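Asker: Here it is: the structure, laid out below.
Number of protein chains: 2
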Amino acid sequence: MERIAEGEYAVMEVLWEESPLTAAEVAERVPPGRGWSLATVKTMLSRLLAKGALAHEQEGRRYLYRPAFAREDYVAEESGRLIDRMFGGRLTPLVAQLAARDRLTQADIEEIEALLKELKS
Amino acid sequence: MERIAEGEYAVMEVLWEESPLTAAEVAERVPPGRGWSLATVKTMLSRLLAKGALAHEQEGRRYLYRPAFAREDYVAEESGRLIDRMFGGRLTPLVAQLAARDRLTQADIEEIEALLKELKS
DNA sequence: CCTTATTGATTACAGCTGTAATCACTCAGC
DNA sequence: GCTGAGTGATTACAGCTGTAATCAATAAGG
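Protein chains in written order, with our numbering: chain H, 144 to 264; chain S, 144 to 264.
Structure, rendered in structure tokens:
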């Protein structure tokens with residue numbers, strides 16, 4: 144699975160949300176904050192195709208694009224990469240880190256505890 | 144805090160481990176797997192200086208380099224960025240994700256539980 | 001039929017990144 | 001004093017990224 148650039152990722156998100164879509168449809172759904180032209184979206188789609196992150200099927204004169212892998216798979220790989228790089232592959236320091244930065248609310252803590260409890264059984 | 148590229152990050156790690164260091168000393172300590180020449184390390188140091196990620200003090204004819212911010216700060220920002228992008232800012236889905244991928248051992252789970260317990264008090 | 005809008009493909013171009021080589025300077029040793 | 005080794009600065013260059021514009025083909029509408 145090749146690396147996906149930040150901008151390309153925005154396009155993947157659109158297609159993970161809904162697919163297959165035409166280039167124009169993707170352009171409509173990209174977050175407006177990006178301020179992308181249709182041309183830019185088309186560039187992204189081409190690059191993602193070249194990287195093997197998207198597949199396309201012809202539909203008349205145009206293509207329908209769809210992701211070549213599931214969001215969960217990509218997200219898992221990317222998270223693993225970060226945790227390896229920054230926390231020696233261990234999740235506990237990440238949790239500790241976030242806790243220390245007050246990025247964990249009381250509700251978060253309880254939610255994770257519940258999840259872990261389930262995992263143990 | 145400006146973005147740090149993957150290769151630059153390797154240099155930061157060296158200096159977070161031990162600093163201040165000269166360029167030659169950094170080069171010695173960079174993971175050999177990189178196969179970097181001294182010249183490459185010097186380029187990285189210059190770029191990190193330009194980005195404000197390093198500070199340097201003159202020592203005779205050369206510089207001593209040191210990080211301009213703590214590893215924890217950088218790591219916290221970078222983790223936050225990923226969690227925002229991929230998990231809507233919430234940690235629980237990340238934990239769930241990793242668990243589903245068998246990236247969590249029984250020991251991890253207990254460790255995190257202990258940590259959370261402490262946080263609650 | 002002719003024009004216009006659409007669509008993928010090709011090209012553009014600056015900035016960042018990886019990976020150096022070269023240059024100019026200077027200090028240390030002979 | 002001269003030479004060689006070490007040092008930061010400058011330059012190099014290809015590949016990736018963000019952000020398009022342009023082009024050629026074609027389908028659709030009048």
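Glycine is no exception: its CB is placed at the ideal position from the N, C-alpha and C atoms.
It should be emphasised that the depicted structure is a prediction, and the values quoted were computed from it without experimental measurement.
#1: List the residues of chain S whose Cβ lies closer than 7 Å to the Cβ of Gly223/H, in chain order.
#2: I need the straight-line Cα distance from Ala243/S to Arg233/H, nearest angstrom please.
#3: With a threshold of 16 other CB atoms inside 10 Å of the CB of Ala239/S, please say whether the residue is buried or exposed.
#4: Locate the alpha helix (DSSP H) running through Leu258/S, then write down its first and last residues.
#5: Could you pull out every residue in the same chain whose Cβ sits closer than 6 Å to the Cβ of Met187/H, ignoring the five residues on either side in sequence?
#6: DSSP on Pro175/S, reduced to helix/strand/coil?
#7: Which runs of the alpha helix (DSSP H), 4 residues or longer, sit entirely within the segment 156-234 of chain S?
#8: Anyone know if the C-beta pair for Glu256/H and Glu253/S falls short of 8 Å?
#9: Please report the Cβ distance between Trp159/S and Arg214/S, rounded to the nearest whole angstrom; I am assuming they are in contact, meaning their Cβ atoms lie under 8 Å.
#10: Is the shortest distance between the beta-carbon of Ala239/S and the beta-carbons of chain H less than 8 Å?
#11: Can you list, in chain order, the residues of its chain with a C-beta nearer than 7 Å to that of Ala211/S? Leave out the 5 residues immediately preceding and following it.
#12: In angstroms, rounded to a whole number, what distance separates the CA positions of Arg246/H and Arg205/H?
Answerer: On the basis of the supplied data:
#1: As a working note, residue 223/H is residue 80 in the first sequence. Going along chain S in sequence order, the residues near Gly223/H (Cβ under 7 Å) are Arg246.
#2: For the purposes of this step, residue 243/S is identified with residue 100 of the second sequence, where counting begins at 1. For the purposes of this step, residue 233/H is identified with residue 90 of the first sequence, where counting begins at 1. Answer to the nearest angstrom: the Cα atoms are 15 Å apart.
#3: If you number the second sequence from 1, residue 239/S lands on position 96. Buried is the call here.
#4: Counting from one through the second sequence, the residue named residue 258/S turns up at place 115. Leu258/S -> alpha helix (DSSP H) spans Gln249 to Lys263.
#5: What you label residue 187/H is simply residue 44 of the first sequence in a count that begins at 1. Excluding sequence neighbours, Met187/H sits near Glu151 and Val154.
#6: Here residue 175/S corresponds to residue number 32 of the second sequence, with the count starting at 1. Helix, per DSSP.
#7: 166-172, 181-193 and 214-230
#8: Locating residue 256/H in the first sequence gives position 113, where the first residue counts as 1. Locating residue 253/S in the second sequence gives position 110, where the first residue counts as 1. Not closer than 8 Å, so no.
#9: One-based indexing of the second sequence puts residue 159/S at position 16. One-based indexing of the second sequence puts residue 214/S at position 71. The pair is a contact, with the Cβ atoms about 4 Å apart (cut-off 8 Å).
#10: Within the second sequence, the letter at position 96 stands for residue 239/S. Yes, Ala239/S counts as interfacial toward chain H.
#11: To locate residue 211/S, count along the second sequence from 1; it is residue 68. Counting only Cβ-Cβ distances below 7 Å, and skipping sequence neighbours, we find Gly195, Ala196, Leu197 and Ala198.
#12: Numbered from its first residue, the first sequence carries residue 246/H at position 103. Numbered from its first residue, the first sequence carries residue 205/H at position 62. Their backbone Cα atoms lie some 45 Å apart in a straight line.
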